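Residue 216 in my numbering is what sits at position 216 of the sequence shown, and the numbering runs on without skipping anything.
Positions of the beta carbon are idealized from the N, C-alpha and C atoms, including for glycine.
In this text the structure is predicted, and so the values were computed from the model without any measurement.
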Amino acid sequence: MVTSEMSYAIIENQLCSPKKREIVELMTEYIPGARVFSTISTQDLASKMKEIKSYDPDIILSVGGDGTAHNVLNQMFQEGLEKKIFGLVPAGSGNDFSMYGLGMSVPSTKSKKAIFRSIDDYIYPDTKQVDVGLFKAEYERIVLNSVGFGYTAEIAFNSQNYYHFGRLRYLAAGLASFMNGLGNYASRLEEVKINGNDKDMPDKNLITLVMNSKASGGGLMFNPIGSVCDGVFSFITLKEVGKGELAKLLWQVIKKKQFYKDRNVMYNGDVRKVSVASDALRLVELDGEILPATKRFSVEVLPAKVRMITKKSEKHSQDRLTFA
């Protein structure tokens, strides 16, 4: 058992596999006073967050994927808990922010000893102040990792039909959407403002992304030079292309090449605030949450807003716990 002055609230997504839930069991065993709050829906999480507010922990851990983390963070803001230390245990089908933003590893479940080693990062943790974003349309959300508008949002929506594919569900949904044709996902960005300045984009747009970390959609490196603590997000737009061009571009993303230099990328740059008005209603995807179709939205960066647990430094890791 570890003696720690910090108290923990561990939020567990009950849709995680039984193996992943072993991580939670060991955390409660080795972290004195850690309390587990199991959730099955956004509504259930809202109720549990009120209990967590009464408990008043030092650290809130989200066990699941990007979608779970997104929901937890938004509820933390709702309840005035955004100043608590926030940690992500990547145990979902999409773990882009925790892995490519914070450097965390998917916990090994090969043995109890391996699981124990995996939770070491969360005990006396290293932390840093991380940027998040404020998304506004007909509704508001806090953005942790990425906003997708158009084609990528449709893929995220369709991925719900491929949940049994696990981490490959985004790829499966992307292939299905690809085969169905691309014309239904394109739109013209009639108005774009970047940091308050107008930006003309005459070509029809297929993909619009606003990104914090390096990857989205299950490890797709749309933003390989991204950082979650530099005070800016990346705004990326891709013009309407044919299937051949899109296949070539997505292959570059899968191979982690610098796709943003592709000639079909209309814009790729850092933004503190960006607002978009489209000529057509399109779905929006925020960190895995599918939001109603809209024509207008904006994203504003909230720099260094949340203190988050990161991968332990090598020096810190030398003082590791001994598994008995």
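Closest by C-alpha distance to residue i, when choosing among the options
i, options, result
"residue 294", "300, 277, 286, 118", "277"
"residue 231", "130, 217, 223, 77", "130"
"residue 14", "217, 6, 45", "45"
"residue 102", "244, 75, 122", "122"
"residue 299", "284, 307, 306, 220", "284"
"residue 265", "201, 290, 286", "201"
"residue 33", "218, 91, 8, 47", "8"
"residue 282", "71, 156, 55", "156"
"residue 138", "310, 223, 297", "297"
Where residue i falls: helix, strand or coil (DSSP)
i, result
"residue 101", "helix"
"residue 326", "Examination of residue 326 is not possible in this model, given that the chain is present from 1 through 324 alone."
"residue 118", "helix"
"residue 323", "Here the model assigns residue 323 a pLDDT of 35, short of 50, so the residue's position is not dependable, and the following value carries that caveat. Correct three-state label for residue 323: coil."
"residue 318", "Below a pLDDT of 50, predicted positions are generally treated as unreliable, and residue 318, at 42, falls in that range; the measurement from the model is reported next regardless. It is coil, neither helix nor strand."
"residue 243", "helix"
"residue 3", "Any reading at residue 3 must be qualified, since the residue scores a pLDDT of 46, below 50, and its modelled position is unreliable; the value itself is stated next. Looking at residue 3 - three-state DSSP - the assignment turns out to be coil, as it is neither helix nor strand."
"residue 126", "strand"
"residue 139", "coil"
"residue 312", "coil"
"residue 73", "helix"
"residue 266", "strand"
CB of residue i within 7 Å of CB of residue j, strictly
i, j, result
"residue 94", "residue 288", "yes"
"residue 275", "residue 193", "yes"
"residue 66", "residue 215", "no"
"residue 99", "residue 59", "no"
"residue 308", "residue 77", "no"
"residue 154", "residue 124", "no"
"residue 88", "residue 69", "yes"
"residue 228", "residue 212", "yes"
"residue 147", "residue 210", "yes"
Counted within 10 angstroms of its Cβ, other Cβ atoms place residue i as buried (16 or more) or exposed
i, result
"residue 208", "buried"
"residue 240", "buried"
"residue 318", "Since pLDDT at residue 318 reaches only 42, below the 50 mark, its modelled position is unreliable, and no value is offered."
"residue 57", "buried"
"residue 42", "exposed"
"residue 91", "buried"
"residue 31", "buried"
"residue 312", "buried"
"residue 128", "exposed"
Residues of its chain near residue i, where Cβ-Cβ distance is below 8 Å and the 5 sequence neighbours each way are ignored
i, result
"residue 12", "21, 24, 36, 37, 38, 39, 63, 64"
"residue 140", "134"
"residue 315", "With a pLDDT of 47 at residue 315, under the threshold of 50, the modelled position of that residue is not reliable, and no figure is offered here."
Contact set for residue i: own chain, Cβ-Cβ below 6 Å, skip 5 residues either direction
i, result
"residue 303", "131, 231"
"residue 149", "208, 282, 284"
"residue 3", "For residue 3, the predicted model reports a pLDDT of 46, less than 50, meaning its position is unreliable and no value from the coordinates is stated."
Close-in-space but distant-in-sequence residues of the same chain around residue i (CB under 7 Å, 5 per side omitted)
i, result
"residue 26", "112, 115, 116, 119"
"residue 18", "none"
beta-carbon residue i near the ligand ATP non-hydrogen atom, thresh 6 Å
i, result
"residue 289", "For the ligand ATP, the structure offers nothing, since it holds no ligand at all."
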